[in-house]
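Q: Numbering (my numbering), first residue to last: 130 to 1208.
No residue lacks a Cβ here, since even glycine has one placed at the ideal position from N, Cα and C.
Given the structure is predicted, the values throughout are model-derived calculations rather than measurements.
Here it is, written out as structure tokens:
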């Protein structure tokens, strides 16, 4: 069976004040104190929640707590603000009833936090989804923006809301939020220009100066030092626990989430900076010729910077601070302003600029969070508004605030009684009229259209002539003199003629929460709230995009000579709209109370709490709730809670729940006058009857607990006994098994010992016999060996004497050869074919063998060396061998070429992009590619040519262009002539009559002469259609140049160009080549 908790379980004090017995103001306060001391900050008055500000964080707002109160009955769990929020949300979602949550209390009581908790709970329990989450985030993030611009630090609260806020949150049919609409009431704009001692201006000013970047402040022409601004109080600029810099970043992020554009955020910050600059403008008097004083601005720097921020011409705004234009129907009159009037105009402009900016912010937020008008929406309203205020000095603001609270009290009583009456009618209970104090008479005193205080104040403000606060008070004394809730020093009511506690410039109103003394000074000015038309027009001329929207009356094309509505009239209209809105919704109330004025935890000041209980009308609320029936509960939970009190209903009731409750109440013999049966609920008139049921239930639960304990203990003992019995059997079985195992192990061990001794005796006996047999066999073998040895030695003695010399010689020779080969093995030379070392022979008679072994070893290692050659390497060595055959001992250049490898392609013609075109013309593989010098017969100088050799031809090409200059087939080449010197000259002689021989032979010079001629010789030898190429080595040979033969002669000498050979033409028939002398 599911265990259900209740408001009455584990109750500290009384969770619902309706059940408080006896009911008095002292017992009410004591119950609040008792619960506050145990961290129970929430208490009910029926469906009304009383919230005490704990001034510290409590672990009662976790996600687990949200789930605990989700979809639970209002009275099912201990009092909590989540219970009221859940009840309101489920009524809206399931019963299609629009809801409103009214949060009231004085400054510092926790109204703003309560509204945040309600909104966060609704956001947590409603639907999920990308669009829904976006709407929820925008609704929640609107709070930091409004708090920054509308909250301030006061002596009572570090984050006091200085405006009233009503938010309508709109939901669809599933209960998912679609958007919302925010309404603001009476921003305390006088705080912009002046703050009481110990208080601050609005948060945004301090946040901007503390958290903005240096670049931002430079653009706004601001400085971080608070002392440089007259509108900022310095004694409370820094607040403990308040990080203005971090809050500024939070506000900017919240504005982005809500939907503000970057330029809009910048415009708002510029207006905030302009307000600060405006406060620094000071005036000085200047006498005119007619004897009157005229105001002039002392230092125009702040005015200049403000005008630059707002895009206003400095001269226009400066004139507006010095002159005032009054317009009649057909004429305009311009008057000068003195210093006090100029300061009034400056402050009025600052207040209007900031209040209109705040109203624009609310409107802009509404544009972002409003729902699309597609279908009918369900609405939940949250009202966070100032509580009743009674200060030492109360002015126009307190009067307006207390008027709003009077209206809220009026609607609270009406809606509470209406709710009671509707429930009684719905349940079929007879309704009896309830007597209560109706504060409609007080509301009429304030808002009556003809004789109300607000109407007289407006009439006085609109009256021509001299209007002062004294004339307004005189009018009140005349009109309201006989009203029982109005008092003044000059009242005609004889009851108060001798009351000297009232000052002459004050009046007193007896509100529902107590008497409040108001000082009439400032009522007329604050109600007028005038802003000179010159200032409005100057603001409208600004180039700033936002300023024109804030001051539409400044448009010269739309000049309205009508006087603007007064502040009192506007607030009265707003309150009327709010009341009509609340009348259409089901109300839910949160009454916030602060326990002390020190903003400290664990301190409960009885007098302060008593004062708040009185002006919140909580005792009146309890009496209204208790005028009928103090407690009511549905039949099912009532029967479930109290069914153990009657034998007929315990443990299960099979019939309808109402019949079960009737049987239960009849069995308990409760007086019929103490309760009534409704259609779905039982109504209990007196709390004593409910406490009687709770006491009987507590005793019954104790008896049931004792019975359960008895049955449980008996079951536990029986279970323990059976477990011991079963365990004893198991232990016995295991022990017997263990004993038998031990006995078996002993018998087995004894048997093994006997067996080992027996086997050992048998083995030793067998060993003795085997040893005896072995000794006998060894003795026979020894005797036989000695006998045979004697016989052999006797026969061998004769044979050894005849062949001993030859045997010794053969053995000696064998040992010498063995030693020779072993020594040769350890002194073997390396495997290099050019290594000519060989070990010396040890004995002369081994001379032939030693020489033959050396030859065999050399051939063998040459074969091993050749077997390691690749085909390419073999070809290289073959070319080297052929070069040796051609040039060795014949040309002086040869020895230096032996150590140089033949590379063939020195130009890398296939890879070098420079010779790509030349390479593409070659159809065969290039065997040799090198740069040679072609000798000119005319002067003996050389010209660089690319020499290419393929299998069938040789090609000479230009080195720079790659153009082919000559191509000679190898069959046309008959011989090659070179000198015996160390030069690189060679002549290619062509076959007479061939096509290649038209221009004659070629005389060339190359650094790789040996390789070129070797490759020509090998290529010519391998070609099938060519004859063997002749190599002519001589220091003097003939070369055919076209039709002439020229002799090339080589001599040794010192050439001019260093160590290289040089060619010089001696005459038409002789070319002389000078070759440097080799050392």
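Can you tell me whether residue 1121 is helix, strand or coil according to DSSP?
A: Residue state, collapsed to three classes: coil.
Q: Can at least three beta-carbon pairs, one atom from the stretch 647–656 and one from the stretch 369–386, be found at a separation below 8 Å?
A: Contact fails: fewer than three Cβ-Cβ distances are below 8 Å.
Q: Got a sec? Which residues, its chain only, sit under 7 Å from residue 326 by beta carbon, not counting five neighbours each side?
A: Around residue 326: 364.
Q: Start and end of the alpha helix (DSSP H) containing residue 601?
A: Taken as a continuous stretch (DSSP letters only), the alpha helix (DSSP H) holding residue 601 covers 598–608.
Q: How big is the Cα-Cα spacing for residue 427 and residue 335?
A: Roughly 26 Å between the two C-alpha positions.
Q: Compare the beta carbon distance of residue 1093 and residue 1076 with 9 Å and say whether it is the shorter of the two.
A: In this structure, residue 1076 does not lie closer than 9 Å to residue 1093 by Cβ.
Q: Which term fits residue 320, buried or exposed, when burial requires 16 or more other beta carbons within 10 angstroms of its beta carbon?
A: Residue 320 should be labelled buried.
Q: Can you tell me which residues form a DSSP beta bridge with residue 424?
A: According to DSSP, which records beta bridges pairwise, residue 424 is partnered with 414.
Q: Determine the direct distance from the alpha carbon of residue 608 to that of residue 624, and round the result to whole angstroms.
A: Since pLDDT at residue 624 reaches only 49, below the 50 mark, its modelled position is unreliable, and no value is offered.
Q: What did DSSP end up calling residue 1202 once you bin it into helix, strand or coil?
A: Residue state, collapsed to three classes: strand.
Q: If you draw a straight line from the C-alpha of residue 1175 to the C-alpha of residue 1169, how long is it?
A: C-alpha separation (whole angstroms): 6 Å.
Q: What three-state label does DSSP hand residue 1021 in the structure shown?
A: If DSSP states are grouped into helix, strand and coil, residue 1021 belongs with coil.
Q: Rounded to whole angstroms, what is the Cα-Cα separation between residue 1105 and residue 962?
A: C-alpha separation (whole angstroms): 34 Å.
Q: Does the contact criterion of 3 or more C-beta pairs under 8 Å hold for the stretch 847–859 versus the stretch 775–790?
A: No, the stretch 847–859 does not touch the stretch 775–790.
Q: Hey, residue 1015 and residue 1143: beta-carbon distance below 9 Å or not?
A: Yes, these two residues count as a Cβ contact at 9 Å.
Q: Sorted by chain position, which residues of the same chain lie with C-beta nearer than 6 Å to residue 169's C-beta, five sequence neighbours on each side aside?
A: Closer than 6 Å at the Cβ level, and outside the excluded window around residue 169, lie 141.
Q: What residues are listed by DSSP as bridge partners for residue 812?
A: Looking at the DSSP assignment, residue 812 forms a beta bridge with 761 and 805.
Q: Put residue 681 into one of helix, strand or coil per three-state DSSP.
A: Looking at residue 681 - three-state DSSP - the assignment turns out to be helix.
Q: For a test of your reading of the model: does the CB of residue 172 fall under 8 Å from any non-hydrogen atom of the ligand FAD? Yes or no.
A: Absence of the ligand FAD is noted for the structure shown, with no ligands found whatsoever.
Q: Which residues bound the alpha helix (DSSP H) around residue 656?
A: Its alpha helix (DSSP H) spans residues 652–657.
Q: For a quick check, are the C-beta atoms of residue 1119 and residue 1129 less than 9 Å apart?
A: Going by C-beta atoms, residue 1119 is nearer than 9 Å to residue 1129.
Q: Going by DSSP, name the residue or residues bridged to residue 1059.
A: Answer is 1076.
Q: So, are the CB atoms of residue 1109 and residue 1021 less than 9 Å apart?
A: Contact flag set, yes.
Q: Kindly list the residues whose CB is nearer than 7 Å to the CB of residue 782, restricted to its own chain and excluding five residues on each side of it in sequence; keep chain order.
A: For residue 782, where only same-chain residues beyond five positions count, the Cβ hits under 7 Å are 768, 772 and 789.
Q: Could you tell me whether the Cβ atoms of residue 738 and residue 722 are closer together than 9 Å?
A: Closer than 9 Å, so yes.
Q: When we look at the beta-carbon of residue 864 and count the other beta-carbons within 10 Å, is it buried (16 or more) or exposed?
A: With fewer than 16 other Cβ atoms within 10 Å, it is exposed.
Q: Between the Cα of residue 476 and the Cα atoms of 883, 346 and 658, which residue gives the shortest distance?
A: Closest by alpha carbon: 658.
Q: Taking C-alpha atoms, which residue in 469, 468 and 453 lies nearest to residue 462?
A: For the residues 469, 468 and 453, the minimum Cα distance to residue 462 belongs to 453.
Q: Let me confirm a value: residue 985 is counted as buried when at least 16 other C-beta atoms fall within 10 Å, else exposed. Which label applies?
A: Its Cβ having fewer than 16 others within 10 Å, residue 985 is exposed.
Q: Run through DSSP, which three-state label would residue 367 get?
A: Coil at residue 367, not helix or strand.
Q: Taking only the alpha-carbon atoms, compute the straight-line gap between residue 132 and residue 206 and give it to the nearest angstrom.
A: Low confidence applies here, because residue 132 scores a pLDDT of 40, under 50, leaving its location unreliable; read the following figure in that light. One C-alpha to the other measures close to 12 Å.
Q: Could you tell me the boundaries of the beta strand (DSSP E) in which residue 300 lies?
A: Run containing residue 300: 293–300, per the beta strand (DSSP E) assignment.
Q: Is the stretch 297–317 touching the stretch 496–512 in the sense that three or more CB pairs, one from each, lie closer than 8 Å?
A: A contact exists between the stretch 496–512 and the stretch 297–317.
Q: Measuring only the C-alpha atoms, how far is residue 248 from residue 716?
A: Going from the Cα of residue 248 to the Cα of residue 716 covers about 16 Å.
Q: What do you get for residue 317, buried or exposed, if any count of 16 or more other CB atoms within 10 angstroms of its CB means buried?
A: Per the 10 Å Cβ criterion, buried.
Q: By alpha-carbon positions, which one of 967, 581, 960 and 1009 ends up nearest to residue 991?
A: Nearest of 967, 581, 960 and 1009 to residue 991, Cα basis: 960.
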